[in-house]
Amino acid sequence: MEFRKDSIIDIFKLYNAILEGHFLLSSGLHSDKYIQCALVLQYPKLAEKIAMLMFEEIRNKSNLWQEVTVIVSAALGGIVIGQEVARIFSTFSDKQIRAVFTERDENAKMALRRGFQLKEEDKCLVVEDVVTTGKSTKEVIEVINSYNAKVVGVCSIFNRSVFE
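Counting in our numbering, the sequence shown runs from 845 upward without gaps.
Spelled out as structure tokens, the structure:
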């Protein structure tokens, strides 16, 4: 299936992944729409195509993509797309790109767990499914900074913050 960037919304509608009603978002905001990325990302070919579009967008804007060594996502929503973006980056790179994710620890603080580590020389791209307020993105960046690794960029499938 071929599609352009502006048709991502159509794909999400086709798979009933843009829900309408009244929703309390994890940010605490209320919305009349909810984007359930998992309904689309459960299909590996669609996840691959969306990740490829994200990669192309990044590659067309900057050469920084060549520096990326680690894709960092926030659990739970960012794991699938983060893994897929890392796979595509690895395809176009001469190095293997890691995909790791942050999750909340027992104190509800965002952290790398499961033995994931970052090194000072790592150059990280933060990949999200949906950004609404940017709070979780900022928390992921704080985790990366705590390892003295470098954030080279942030990308998401949807950025709701421009509409809220």
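We put the beta carbon where it would ideally sit given N, CA and C, even for glycine.
Cutoff 7 angstroms; reference I988; Cβ partners in own chain excluding five residues on either side: V916, L962, C968 and V995, listed in sequence order.
Which residues DSSP lists as bridging G997, in chain order: L969
Nonlocal neighbours in the same chain, by C-beta distance under 7 angstroms from L883, ignoring five residues either side: Y859, N860 and A861
Exposed unless 16 or more other CB atoms sit within 10 angstroms - verdict on I853: So I853 counts as exposed.
Buried versus exposed, by CB contacts within 10 Å (16 or more), A952: exposed
Rounded distance between the beta-carbons of D966 and V914, thought under 8 angstroms: 5 angstroms
Beta-carbon gap between F1002 and V974 smaller than 8 angstroms: yes
contact_flag[the stretch 919 to 935, the stretch 890 to 904] where n(CB pairs < 8 angstroms) is 3 or more: yes
Burial state of L908 (16 or more Cβ within 10 Å): exposed
Whole-angstrom distance between A918 and A943, CA atom to CA atom: 11 angstroms
Cutoff 8 angstroms: V914 Cβ touching any chain C Cβ: No chain C appears in the structure shown, which is made up of a single protein chain.
For R931, the nearest candidate out of D949, F899, G959 and G921 (CA to CA): F899
CA-to-CA distance, L885 to Y991, given in whole angstroms: Roughly 30 angstroms separates the two Cα atoms.
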